[in-house]
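Notes for the one structure printed next.
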C-alpha cells in the first residue's frame, strides 16, 4: 500500500463535521469537511495489483489505527464502495433473491461477499453490488452507524448538464467510465489496463458501441492522470473534446489541496456534494 497524499489540518472538535471514506479494490481514500463545508483532511492510498480483499481489509484497519482523526466522533460518516461487481437494473425486477442471482450470473458465484443495493430514484434503477465480506466486517465494526452507498449509485443519480459525456476516474492501471448520451445514462463500468493504448481502446469502443459521436462527446478526466503523461497524450489523439475536471465550488479547500492539480481529487468532492 502506498500513501500518495496525506493532507491534514488539526481540528480539535469533529462532532459537527462529516467524514467520507471511499473503499475499492485499488485503494482507500478519506476526506473530512467541517460544518461550513471546508475540507480540512484528505488522504489517498493506492494498493498494489496483487492486493487481496483480506489484505485490503487489513490495510483499512491499519489506516484507522494510525490516523487519530478517523477515530474521532463525526456528525456524519459516509462509506462509498467502489468495487467493480455492480449492476444497474430496473427497480421492478429486483428483490433480495434475484439480486444475488443476477450478480452470480454476470460475475460468477462468490461465497466471501455480501450483496447490497441502492435505489437510484432519479432513474428508477436499483444498483445491486457485492462487497468483500472481510471489508464489510471491518467497516461494520469500525463505523456501525455509517451510511453506505456505491459509487455507481452516486454518479448515476447526479445531474449532468452535458448532453453527451464520457466521465472518467483514473487510478493506477485502472479506470471507471460513465457514458451519458443525449442526457441518458448508457453505461458505467470499470476497466484494468496496462498500456495507454488499452485505455484509449476501451473508451473508443464504448463510444462506438453506444453510437456516441466523438466530436460531440465531452470527455472529463478525474484522478491520477497528468497532462504530460503518455496516457493523456494517447487519449488526446482520438478524443477531441477532452478536459480535466475542476473542484466543486460548493466547498473551500485546505492550502495543501490547492498545491495539487484539482482533478486529482475532483470526483471525491463531487461525491460529497451528492450524499
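In my numbering, the protein residues as written are 16 to 290.
Glycine is no exception: its CB is placed at the ideal position from the N, C-alpha and C atoms.
| Item | Value |
| --- | --- |
| Exposure label - residue 226; buried when at least 16 CB within 10 Å | exposed |
| Alpha-carbon spacing of residue 152 relative to residue 76, whole angstroms | 11 Å |
| Contacting residues, own chain, Cβ-Cβ under 8 Å from residue 22 (five flanking each side not counted) | 56, 57, 58, 269, 271, 272 |
| Residue 260 beta carbon less than 9 Å from that of residue 244 | no |
| The segment 228-240 / the segment 142-158 touching (three or more Cβ pairs under 8 Å) | no |
| For residue 247 and residue 146, the rounded distance between their alpha carbons | 31 Å |
| For residue 224 and residue 31, the rounded distance between their alpha carbons | 47 Å |
| Beta-carbon contacts of residue 241 that lie in its chain and below 8 Å, excluding the five residues immediately before and after | 247, 276 |
| Where residue 184 falls, given that 16 or more other Cβ within 10 Å makes a residue buried | buried |
| Cβ contact check for the segment 249-258 and the segment 204-223: 3 or more pairs under 8 Å | yes |
| Buried/exposed call for residue 100, threshold 16 Cβ in 10 Å | buried |
| Residue from 222, 94, 202, 187 with nearest C-alpha to residue 159 | 94 |
| 9 Å Cβ cutoff, residue 65 in contact with chain D | Reference to chain D is not applicable here, since this structure consists of a single protein chain. |
| Alpha-carbon to alpha-carbon, residue 208 and residue 201 | 21 Å |
| Proximal residues to residue 102 (C-beta, below 8 Å), its chain only, five neighbours per side dropped | 117, 118, 121, 142, 143, 144 |
| Whole-Å CB distance - residue 267 paired with residue 53, under 8 Å assumed | 5 Å |
| Runs of alpha helix (DSSP H) wholly within the segment 36-108 (minimum 4 residues, chain order) | 68-81 |
| Start-end ranges of the beta strand (DSSP E) lying completely within the segment 198-241, minimum 3 residues | 199-207, 233-238 |
| Enclosing alpha helix (DSSP H) for residue 142 [first to last residue] | That residue, residue 142, is in no alpha helix (DSSP H); its beta strand (DSSP E) goes 140-147. |
| Bounding residues of the alpha helix (DSSP H) (the contiguous stretch that carries residue 183) | No alpha helix (DSSP H) holds residue 183; the beta strand (DSSP E) holding it covers 180-186. |
| Sufficient close CB pairs (3 or more, under 8 Å) joining the segment 108-115 to the segment 61-68 | no |
| Proximal residues to residue 310 (C-beta, below 8 Å), its chain only, five neighbours per side dropped | In the structure as shown, the chain starts at 16 and stops at 290, and residue 310 therefore has no counterpart that could be examined. |
| Distance, residue 29 Cα to residue 87 Cα | 7 Å |
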